[in-house]
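In mature numbering (1 follows the signal peptide of the UniProt record, and there is no 0), the protein residues as written are -22 to -1, 1 to 505.
Accompanying notes for the structure given below.
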Amino acid sequence: MRTITFSFFCCSLALGFATGCARKNFFQPDAQVPAGAVPTAQLATADSVWARAGHHYNRHGWFFRRLMGPHHRAVWAAPVRVPVFRLASADKAAGAFKPTKLGGGFQSTSLTLEAADGRPYVLRSLDKDPAPILPKPYRKTFITNALRDGTSAGNPYGALVVPPLAQALGVPHTHPRIFYVPLNETQLTVDNANERLRGKLVLLEEKYDGKRVSSPLLPQARGFVDDEDMRKRIYAHPADRPDEQALLRARLLDVLIGDWDRHSGQWQWAELPDPTHADRRRYAPVPKDRDQTFYRVSDGLVGWLGTRRFTVRHLVTFKKHIRDVQALTGQGRFVDQRGISELTRRDFDQAARYVQQHLPDSTLARAVRRLPPAVYALEGPRLLRNLRHRRDQLPAVARKYYLLKARTPVVAGTDQADFFRVQRTRDSTTVRVYSQALGADSLYFQRTFFNKETRRLTLEGLGSNDTFEVTGRGLPLVLHGGAGQDVVRPAGGTRIEFGQEANGNLDVPRPRTDKEALKNYDRLEDE
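This is the structure:
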């Protein structure tokens, strides 16, 4: 968790009387299950062990569980049989791994590996320590205990369920596998990786980055870039566009599995040739980091209060019914704003039906069966039942999702000279965006927005010298000219007025004439 709310703090005061100061030995020293706790017929071998992802989350009494919630504590404590991680033999197809970089931010530990053929992989710890995000004065208090305990809301094995679902929908995905890093590991020789990963369960998966990666679902990919680099490319030239249909299917998969943590850092993009234009490129989305899949946090008093609409709303519990679409999709709003801006209500409806048709009960059951046996016994039947119900709700959810995205949409241009043609009527506004850089086939964006769905439409010219031609009266507009000599050109007698923002905090001066080049302004609203 990255945000501590007032409600969370107040409830944690009660927890403080039960837990006191921050525990020095909060985490289990070794994930491996003692030999005496495993039946003789199922003893581990030299290549595998019985281990628990986080037994320390399941050591509390009834009062603590009632206050904080049962979460996935039993899953974290369930014994699972996993292979021992060895750099030379973890993946026979990839060959021996070589550690190259230690990362993972404040909470988890991740180690980038390079396979013998040059492809990148990542090794990530299942357990996390969010305490470093706290201010130093709080790190020795009971708040650290409560924050660390919040990790139990996640299902450590949830990522294993995702590949069959993604495969059925044509969404690129990794092939995650769980390993145990032995206590005597010495070959992870990057910074202090040995010390940080010893005795832990880790997840190994491909890393979609660079030009050496290949994906069966994207055989034509010329390379993979992160979200920031992809945006730089689509802003640099209109010939580069995101695959909006593919992104929408991926986002509906996020909704289905309850993965709310889909900010821009959770996406890679594959560079593909455009099948309709040889000189253009499109970018297909590749989701990554499924740590928050099947999240369960609101089953205790603290979690319930902490996830209300006025607190940490985006921490959404995976349940039978999909209720708060805005909270569930909110972390990915910037990705949506730039990546599915041209899609219509019909596109959302068709995408929802596509997901339903390609995820029959048999596929859902096969995906859930990928959980370790002990975890399936705890969660499998309920998880399968919830997935079925959520899949059946997708058409209605997709309509809510569409209306949410249609409320205040943004149409962005590029750093090239763009021509925005805006035709307004009393009930709708049609926007077409052209670019001289594309030659004869210069139209690269077109969509009609309806007044009953859209409150305000924002157009962003970005760089170069852009022209905004507005006809008719209707939907309120906000224009961002950006750099360059930008021109607003009313046609057919349309009057453009320059006034204050709706909140009254920004005063934009009126130009001398309607056709004057607009320089050094932030926003323009047509009233």
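The C-beta atom is built at its ideal place from N, Cα and C for all residues, glycine as well.
What you are looking at is a predicted structure, and each value in this text was computed from that prediction instead of being measured.
Beta-carbon contacts of R209 that lie in its chain and below 7 Å, excluding the five residues immediately before and after: Position 231 of the sequence shown, counted from the start, is the residue given in the question as residue 209. Closer than 7 Å at the Cβ level, and outside the excluded window around R209, lie R316.
Counterpart residues of Y261 in DSSP-defined beta bridges: Here residue 261 refers to the residue found at position 283 of the sequence shown. Secondary-structure assignment with DSSP links Y261 through a beta bridge to P220 and E249.
- request: Let me know the alpha helix (DSSP H) ranges lying completely inside the segment 136 to 206, each 4 residues or longer, listed in chain order.
  value: The qualifying runs are 140 to 147 and 171 to 175.
task: Buried or exposed for residue 509, please, with buried defined as at least 16 other CB atoms from any protein chain shown within 10 angstroms of its CB.
output: Residue numbering for the chain in the displayed model covers -22 to 505; residue 509 lies beyond these limits and cannot be assessed.
query: Which residue from K189, V353 and L45 puts its Cα closest to that of G96?
result: Taking the first residue of the sequence shown as 1, we reach residue 96 at position 118. G96 has its Cα closest to that of K189, out of K189, V353 and L45.
message: Contact between the segment 390 to 405 and the segment 421 to 438 is defined here as three or more beta-carbon pairs at a separation below 8 Å; is this criterion met?
response: The segment 390 to 405 makes contact with the segment 421 to 438; the number of CB pairs closer than 8 Å reaches 3 or more.
message: For a test of the three-state rule: what should DSSP assign to N481, helix, strand or coil?
response: Taking the sequence shown and counting its residues from 1, one reaches residue 481 at position 503. Here N481 scores only 29 on pLDDT, less than 50, and its place in the model should not be relied on; the value that follows carries that caveat. In the structure shown, N481 falls within a coil segment according to DSSP collapsed to helix, strand and coil.
Of the listed residues R377, K70 and R37, nearest to F326 (C-alpha basis): The residue you call residue 326 lines up with position 348 of the sequence shown. Closest in C-alpha terms to F326, from the list R377, K70 and R37, comes R377.
message: Let me confirm a value: E494 is counted as buried when at least 16 other C-beta atoms fall within 10 Å, else exposed. Which label applies?
response: Along the sequence shown, read from residue 1 onward, the residue named residue 494 stands at position 516. Confidence at E494 is low in this model, with a pLDDT of 37, below 50, so the placement of that residue should be treated as unreliable; the coordinate-derived value is given next. Here E494 is exposed, its C-beta having fewer than 16 other C-beta atoms within 10 Å.
- request: Starting from A390, follow its DSSP beta bridges and name the residues at the other end.
  value: Along the sequence shown, read from residue 1 onward, the residue named residue 390 stands at position 412. Paired residue(s): E438.
task: Identify whether D396 lies in helix, strand or coil by the three-state DSSP scheme.
output: Indexing the sequence shown from 1 puts residue 396 at position 418. The DSSP-derived three-state label of D396 is strand.
task: On the DSSP bridge assignment, give the partners of residue 508 in chain order.
output: The displayed coordinates of the chain run from -22 to 505. Any statement about residue 508 would go beyond what the structure contains.
- prompt: Just how far apart, CA to CA, sit K298 and R227?
  reply: The residue given as residue 298 occupies position 320 in the sequence shown. The residue given as residue 227 occupies position 249 in the sequence shown. Approximately 20 Å between the Cα atoms of the pair.
Rounded separation between V333 and L342 - CA only: Within the sequence shown, numbered from 1, the residue matching residue 333 stands at position 355. Within the sequence shown, numbered from 1, the residue matching residue 342 stands at position 364. Their backbone Cα atoms lie some 12 Å apart in a straight line.
- request: Specify, as a first and last residue, the run of the beta strand (DSSP E) that D464 falls within.
  value: Translated into positions along the sequence shown, residue 464 becomes position 486. D464 to P468 is the span of the beta strand (DSSP E), which, as asked, contains D464.
message: So the candidates are L455, A9, L365 and A329; which of them puts its Cα closest to the Cα of V400?
response: Here residue 400 refers to the residue found at position 422 of the sequence shown. Closest by alpha carbon: L455.
query: Relative to the C-alpha of Q10, which residue among W54, A256, H50 and A131 is closest?
result: Stepping through the sequence shown from its first residue, residue 10 is reached at position 32. Minimum Cα distance to Q10 is reached at W54.
query: Quick one: what does DSSP say T408 is sitting in, helix, strand or coil?
result: Stepping through the sequence shown from its first residue, residue 408 is reached at position 430. Here T408 carries a strand assignment [DSSP, helix/strand/coil].
- prompt: Since S103 sits in a beta bridge, which residues does DSSP pair it with?
  reply: Reading the sequence shown from its first residue, position 125 is the one you call residue 103. S103 is bridged to V180.
field: Collapsed DSSP secondary structure at T295 in the structure displayed
entry: As a first step, residue 295 must be located in the sequence shown, where it is residue number 317. In the three-state scheme derived from DSSP, where H, G and I count as helix and E and B as strand, T295 is classed as coil.
query: Buried or exposed: H153, going by 16 or more other Cβ atoms within 10 Å of its Cβ?
result: Mapped onto the sequence shown, residue 153 falls at position 175. Label assigned to H153: exposed.
message: Judging by CA-CA distance, which residue of V27, R37, A13 and S88 is the nearest neighbour of F4?
response: The count along the sequence shown starts at 1 and reaches residue 4 at position 26. Taking F4 as reference, the option from V27, R37, A13 and S88 with the minimal CA-CA separation is R37.
task: Could you pull the start and end residues of the alpha helix (DSSP H) that P351 belongs to?
output: The sequence position of residue 351 within the sequence shown is 373, counting from 1. DSSP places P351 in the uninterrupted alpha helix (DSSP H) bounded by P351 to A384.
field: Segment limits, alpha helix (DSSP H) that includes L306
entry: Residue mapping note: residue 306 aligns to position 328 of the sequence shown, counting from 1. That run of the alpha helix (DSSP H) goes V303 to T307.
message: Would the segment 210 to 218 count as touching the segment 140 to 152 if we require 3 or more Cβ pairs under 8 Å?
response: Cβ pair count under 8 Å is below three, so no.
field: L112: first and last residue of the uninterrupted alpha helix (DSSP H) it sits in
entry: Residue mapping note: residue 112 aligns to position 134 of the sequence shown, counting from 1. Note, L112: premise wrong, no alpha helix (DSSP H); not H, not E.
message: Can you look up G310 in the DSSP assignment and give me helix, strand or coil?
response: Here residue 310 corresponds to residue number 332 of the sequence shown, with the count starting at 1. Per DSSP, reduced to three states, the secondary structure at G310 is helical.
message: Below 8 Å, how does it come out for the segment 100 to 116 and the segment 72 to 87: are there three or more Cβ pairs, yes or no?
response: Verdict: yes, contact present.
- prompt: Hey, quick one: how far does the alpha helix (DSSP H) through Q328 stretch, first residue to last?
  reply: Here residue 328 refers to the residue found at position 350 of the sequence shown. First-last of the alpha helix (DSSP H) with Q328: R323 to H336.
- prompt: Rounded C-beta distance between A432 and L453? I'm assuming under 8 Å.
  reply: As a first step, residue 432 must be located in the sequence shown, where it is residue number 454. As a first step, residue 453 must be located in the sequence shown, where it is residue number 475. A small correction: the amino acid at residue 432 is Thr; Ala does not occupy that position in the sequence shown. The Cβ separation is near 6 Å, so the contact holds.
task: Would you tell me roughly how many angstroms separate the C-alpha atoms of S192 and V448, rounded to the nearest one?
output: Here the question's residue 192 lines up with position 214 in the sequence shown. Here the question's residue 448 lines up with position 470 in the sequence shown. Their Cα atoms are separated by approximately 45 Å.
field: Through-space distance from V62 to F423, alpha-carbon basis
entry: Indexing the sequence shown from 1 puts residue 423 at position 445. Indexing the sequence shown from 1 puts residue 62 at position 84. Taking the straight line joining both Cα atoms gives about 51 Å.
- prompt: Assuming R229 contacts S130 under a Cβ cut-off of 8 Å, what Cβ separation, rounded to an integer in Å, is found between them?
  reply: Walking along the sequence shown from the start, residue 229 turns up at place 251. Walking along the sequence shown from the start, residue 130 turns up at place 152. With 8 Å as the limit, R229 and S130 do not qualify as a contact, their Cβ atoms being about 27 Å apart.
field: Residues bridged to P98 (per DSSP)
entry: As a working mapping, residue 98 is identified with position 120 in the sequence shown. Answer by DSSP bridge pairing, in chain order: E92.
task: Hey, could you find the ends of the beta strand (DSSP E) V456 is sitting in?
output: In the sequence shown, the residue the question calls residue 456 occupies position 478. Per DSSP, V456 belongs to the beta strand (DSSP E) from L455 to H458.
task: Run the CB neighbour count on L321, radius 10 Å, all protein chains shown included, and call it buried at 16 or more, exposed below.
output: Position 343 of the sequence shown, counting from 1, holds the residue named residue 321. By the 10 Å Cβ count, L321 comes out buried.
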